[in-house]
Amino acid sequence: MYSKSQASNVSSGGLQQFITRKLQLKFGNSGSLTQRLKALYLKDESTISFSNDSNYGDSSFIQCLPINLKYEIFSYLDARSLCMACCVNREWSHLTCDDVLWRHLLQKDVKSWSQISHMTNPKMYQEVNSEWSFKEIYLKCSPEFQKQLRQSNSTFHQVSSVLKYFVPKKVPKVAMFGPGLEQSTSAIVRRMLYEDNPTFLRTAMFPGQFDGVGGGMTLKMPTGHSMHLSVLYSASKHERENRNAQQRVENNRMLQAPIDQREDNPQYELKTQIKHFCQILDGFIFVVDASETRDSIESGCLELMAMVKERKMAHHIPVLILSCIKDEIGSRIPAAEIAELLKLSTLSQPWLVMDCIAETLKAVDTGVMWLIDQSQIH
Numbered sequence: 001m002y003s004k005s006q007a008s009n010v011s012s013g014g015l016q017q018f019i020t021r022k023l024q025l026k027f028g029n030s031g032s033l034t035q036r037l038k039a040l041y042l043k044d045e046s047t048i049s050f051s052n053d054s055n056y057g058d059s060s061f062i063q064c065l066p067i068n069l070k071y072e073i074f075s076y077l078d079a080r081s082l083c084m085a086c087c088v089n090r091e092w093s094h095l096t097c098d099d100v101l102w103r104h105l106l107q108k109d110v111k112s113w114s115q116i117s118h119m120t121n122p123k124m125y126q127e128v129n130s131e132w133s134f135k136e137i138y139l140k141c142s143p144e145f146q147k148q149l150r151q152s153n154s155t156f157h158q159v160s161s162v163l164k165y166f167v168p169k170k171v172p173k174v175a176m177f178g179p180g181l182e183q184s185t186s187a188i189v190r191r192m193l194y195e196d197n198p199t200f201l202r203t204a205m206f207p208g209q210f211d212g213v214g215g216g217m218t219l220k221m222p223t224g225h226s227m228h229l230s231v232l233y234s235a236s237k238h239e240r241e242n243r244n245a246q247q248r249v250e251n252n253r254m255l256q257a258p259i260d261q262r263e264d265n266p267q268y269e270l271k272t273q274i275k276h277f278c279q280i281l282d283g284f285i286f287v288v289d290a291s292e293t294r295d296s297i298e299s300g301c302l303e304l305m306a307m308v309k310e311r312k313m314a315h316h317i318p319v320l321i322l323s324c325i326k327d328e329i330g331s332r333i334p335a336a337e338i339a340e341l342l343k344l345s346t347l348s349q350p351w352l353v354m355d356c357i358a359e360t361l362k363a364v365d366t367g368v369m370w371l372i373d374q375s376q377i378h
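Taking full-length UniProt numbering, the leading residue of the sequence shown gets 1, the next gets one more, and so forth.
This is the structure:
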């Protein structure tokens, strides 16, 4: 996956040179470093080691380290460094592919991933008891590795992108809704629709078709992507300003509780005009405020599922989750946890959770382009 270069921080001899320098500083230049290392680490007979006194000289003393110490050293490396260490020799290749090592790395790094989708959700592979190793799951799901893979196939992607322009396209109808439109990240609507920005160009307006529901604007992006976007709010501005997450669900103008509602397991249905509107949609954008509490985000699951349920038979309809925070300095719930709170693994449609910034629209364009491209696939 990664090629070795002089600019790399990790090389095949880097670890050995580091240990050599440390031992030289500790013991000086007198005596054999190999013997000192063996005396230090091999004095415990219960320690497992591949070493053989007659096979290694001073230049290969790192081979004398016991396996558990080598695992300890490898546990401090990142995924890129582990992939490079895998190419050193057969023993390192075996050790750096250890499932426990990559499981620990996956659990740690998934919290920092800025996007996760129906194809790159690690929990999906674990829930179905996949035969893939944790290393294979990591490389399949990591945004950094997938980006590098696309760059290595850049010629193919450039040709395919050119060919797409010759294929007739339908401008998708998309609905944007969710609690994030009514919290600290509500500026995303203003930035996208009402202020000039380099990402979204307003080209037209269209009226609502179902009792006033469904009106919006046509937006075009510099890449040539276009969409008809309708924004759906759960209530009037005055009603939205003074209520909590639970009140938002109970007083949501888009939802209605069925007659045989059970209090211990609340389920909501869409109102008639919203149902009709959903039937003509080609995609959903659900906005959440990732700086809110986990309970607040989880409460939005009822609204999301009620909307998506209307198109559950249309398995090609994509669902984009914009996990927003107000600005760069704010803290956020990781994208992987957002997917878990919203129970996205239960959806039959393609979905993507994208971390973005409401004030600057950072990464919003990436998510929208994915949504438009997915909407063209049938």
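For each residue, glycine too, the CB sits at the ideal point set by N, CA and C.
When the distance is taken between beta carbons, is residue j closer than 8 Å to residue i?
i              : j              : result
leucine 105    : alanine 79     : yes
valine 288     : valine 231     : no
tryptophan 102 : tyrosine 138   : yes
asparagine 252 : glutamate 298  : no
alanine 290    : isoleucine 338 : yes
glutamine 256  : glutamate 239  : no
glycine 216    : leucine 201    : no
serine 133     : alanine 363    : no
aspartate 365  : threonine 199  : yes
isoleucine 321 : glycine 283    : no
methionine 369 : threonine 223  : yes
glutamate 359  : alanine 187    : yes
aspartate 355  : serine 375     : no
lysine 140     : cysteine 97    : no
With DSSP run on the structure shown, which of helix, strand or coil describes residue i?
i                : result
asparagine 55    : Residue confidence for asparagine 55 is low, a pLDDT of 49 falling below 50, so the modelled location carries little weight; the figure read from the coordinates is stated next. If DSSP states are grouped into helix, strand and coil, asparagine 55 belongs with coil.
valine 364       : helix
glutamate 45     : Residue confidence is low: glutamate 45 scores 44 on pLDDT, short of 50, so the model does not pin down where it sits. Its coordinate-derived value is still stated next. In this structure, glutamate 45 counts as coil in the three-state DSSP scheme.
valine 353       : strand
arginine 202     : strand
cysteine 86      : coil
glutamine 376    : coil
leucine 65       : coil
serine 30        : At serine 30, the pLDDT of 47 sits below 50, so the modelled position is not reliable; the number obtained from the coordinates is stated separately. The answer is coil: DSSP assigns serine 30 none of H, G, I, E or B.
serine 345       : helix
leucine 371      : helix
glutamine 247    : helix
glutamine 115    : strand
phenylalanine 50 : Note on phenylalanine 50: pLDDT 44, under 50, position unreliable in the model; the coordinate value appears next. It is coil, neither helix nor strand.
glutamate 359    : coil
methionine 192   : helix
glutamine 279    : coil
lysine 169       : coil
tyrosine 71      : helix
alanine 314      : coil
glutamate 292    : coil
leucine 77       : coil
glutamate 131    : coil
Judging by CA-CA distance, which residue of the options is the nearest neighbour of residue i?
i                 : options                        : result
serine 142        : Leu255, Ala336, Arg191         : Ala336
glutamate 292     : Ile317, Met254, Ser331         : Ser331
aspartate 295     : Gly178, Leu341, Cys83          : Leu341
threonine 185     : Phe286, Leu347, Lys309, Gln376 : Phe286
alanine 175       : Ser112, Lys275, Lys343         : Lys275
aspartate 211     : Pro179, Asp282, Met254         : Met254
cysteine 301      : Glu328, Ala257, Ala314, Val249 : Val249
lysine 111        : Val353, Ala363, Ile377         : Val353
alanine 314       : Ile280, Glu144, Met227         : Ile280
threonine 120     : Phe284, Pro350, Thr96          : Pro350
threonine 272     : Met227, Leu347, Glu328, Glu310 : Glu310
arginine 243      : Gln183, Lys170, Leu219         : Gln183
valine 308        : Lys326, Ala235, Ile329, Ser348 : Ser348
methionine 192    : Val171, Met221, Glu127, Gln209 : Met221
phenylalanine 206 : Lys173, Ile67, Leu371, Asn129  : Lys173
leucine 344       : Glu328, Val319, Phe145, Ile325 : Val319
For residue i, which beta-bridge partners are listed by DSSP?
i                 : result
tryptophan 92     : Note: tryptophan 92 sits in no beta bridge, so no partner.
glutamate 269     : Gln256
alanine 175       : Ser230, Phe284
lysine 220        : Leu201, Ser226
phenylalanine 210 : Val213
Please report the residue range of the alpha helix (DSSP H) in which residue i lies.
i              : result
methionine 305 : 301-309
histidine 228  : First-last for histidine 228: 226-231, but that is the beta strand (DSSP E), not the alpha helix (DSSP H).
isoleucine 333 : Taken as a continuous stretch (DSSP letters only), isoleucine 333 belongs to no alpha helix (DSSP H), as it is neither H nor E.
methionine 124 : 122-127
cysteine 324   : Note, cysteine 324: premise wrong, no alpha helix (DSSP H); beta strand (DSSP E) at 319-325.
glutamine 183  : Counting along the chain, glutamine 183 falls outside any alpha helix (DSSP H), and DSSP gives it neither H nor E.
lysine 135     : 134-141
residue 403    : The first residue shown for the chain is 1 and the last is 378, placing residue 403 beyond what the model contains.
arginine 240   : 237-241
From what residue to what residue does the beta strand (DSSP E) around residue i run?
i             : result
aspartate 289 : 283-289
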